[in-house]
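S.K.: My structure is below; once you've seen it, I'll send some questions.
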Amino acid sequence: MLRFEKYQGTGNDFVIFEMSELDGLQHSLLAQKVCNRRFGIGADGMIVVAPSKVATMQMIFYNADGSIATMCGNGIRCFAKYATDHELVKTKVFTVETLAGILTLEIIESDDLTSLVRVNMGSAIYQHESVPLPGDGDKFINQMLEVDGVPYTVSSLFMGTIHTVLFMDNIDEEAAARIGAAIEHHPLYPNKTNVNLCKVVDSKNIDVLTWEKGVGITLACGTGSAACALLSQDLYDCETSVTVHVKGGNLLMERVGEEIYMTGPATLICKGQYLYN
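Everything in the sequence shown is counted per the numbering used here, starting at 16 for the first residue and increasing by one.
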């Protein structure tokens, strides 16, 4: 039996284990089983809490299909809630090692069920080799991409993980599923891509619907919301503080220089023992 806890951040849900519970287990296979909503616990992803030599703690993140992800914005807020509740960290401000780098987190407020967490998401990376994209260009912004015979204007960047953003006057789940699945597997993206449909409501508010690679449509995506906020500021003159409205709630994105800070909730759902076989 494996001790677990389940959390959600704006509707994005995760099962969390500590590394010490998983000795000898194949994490990728475990993630597939755990995240299955029919035969497992059910989640958008699995988080492993591990020690770090370069930060306060380390977060290892797996998508529901078992693939490892460099970062997850909603996941890292849930990680922060778990770490503070279990007194793995002793201060309200601490650092977390991820495959996307070391991030600084702050617990703004907290109770038994929910914490409000602020995360320094760092800076976006645009260079082709880092996203990655073919070639050696500096940016892939407002470029035409043909999908199933239809041209779309897209922008791609690395914000903890790769994101492609399409600005539209209207967004819905049918379009997100159709366009998202096609662009995720487009040959332009050797490592696949997350796809975000974004509507600019006004200078302080945007709506975002995200198709996550390896998952599908989700109620929220923190890194995707950050990518959309940055591009809405650069391309549509939105303010440096933008509220991102996702299906699972709201996230505040604040730009300070070239860095972006995300503030949002993390809530404990349940805890128990997983009968792994």
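Don't be surprised by glycine CBs; every beta carbon is placed ideally from N, CA and C.
The structure displayed is predicted, hence computed values, not measured ones.
Can you check which of these residues, ASP127, TYR289, CYS87, is closest to GLY137 by C-alpha distance?
M.R.: Considering only alpha carbons, the answer is CYS87.
S.K.: Helix, strand or coil for GLU273 per DSSP?
M.R.: It is coil, neither helix nor strand.
S.K.: Per DSSP, GLY24 is paired with what?
M.R.: ASN27.
S.K.: With the cut-off set at 8 Å, would you say VAL11 and THR176 are in Cβ contact?
M.R.: Outside the shown range of the chain (16 to 292) lies residue 11, about which nothing can therefore be said.
S.K.: Taking its Cβ as the centre, do 16 or more other Cβ atoms sit within 10 Å of THR255, making it buried, or is it exposed?
M.R.: With fewer than 16 Cβ atoms within 10 Å of its Cβ, THR255 is classed as exposed.
S.K.: Count the other CB atoms, across all protein chains shown, that sit within 10 Å of the CB of GLY24; report buried if there are 16 or more and exposed otherwise.
M.R.: When all chains shown are included, GLY24 counts as buried.
S.K.: Around the C-beta of LEU290, are 16 or more other C-beta atoms found within 10 angstroms, so that it is buried, or is it exposed?
M.R.: Label assigned to LEU290: exposed.
S.K.: Based on Cα-Cα distance, which residue from CYS243, HIS200, ALA197 lies nearest to VAL216?
M.R.: Of the listed residues, the one whose Cα sits closest to VAL216 is CYS243.
S.K.: Grab me the residues of GLU273's own chain with a C-beta within less than 7 Å of its C-beta, minus the 5 sequence neighbours each way, in chain order.
M.R.: Hits under 7 Å: SER138.
S.K.: Specify the secondary structure class of ASP222 as computed by DSSP and reduced to three states.
M.R.: If DSSP states are grouped into helix, strand and coil, ASP222 belongs with the strands.
S.K.: Excluding sequence positions up to five away, which residues of its chain have a Cβ less than 6 Å from the Cβ of PRO166?
M.R.: MET159.
S.K.: Could you tell me whether the Cβ atoms of VAL69 and CYS50 are closer together than 8 Å?
M.R.: Against a cut-off of 8 Å, the Cβ pair of CYS50 and VAL69 comes out as no contact.
S.K.: When you compare each of GLY152, SER82, VAL64, PHE94 to TYR22 by their alpha carbons, which one comes out closest?
M.R.: Among GLY152, SER82, VAL64, PHE94, the Cα nearest to that of TYR22 belongs to PHE94.
S.K.: Check the DSSP bridge columns for VAL180 and list the partner residues they point to.
M.R.: The partner list for VAL180 (beta bridge, DSSP) reads SER170, ASN211.
S.K.: Should ASP127 and GLN142 be called a contact, given that it needs their Cβ atoms to be closer than 8 Å?
M.R.: Against a cut-off of 8 Å, the Cβ pair of GLN142 and ASP127 comes out as no contact.
S.K.: Extract the residue ranges of the alpha helix (DSSP H) inside the region 219-258, only unbroken runs of 4 or more that lie entirely within it.
M.R.: Fully enclosed alpha helix (DSSP H) runs of 4 or longer: 237-251.
S.K.: Determine which residues share a DSSP beta bridge with ARG133 and list them.
M.R.: Per DSSP, GLU121, THR278.
S.K.: Measure the C-alpha to C-alpha separation of ALA196 and LYS48 and round it to an integer number of angstroms.
M.R.: Each residue's Cα considered, the two are about 23 Å apart.
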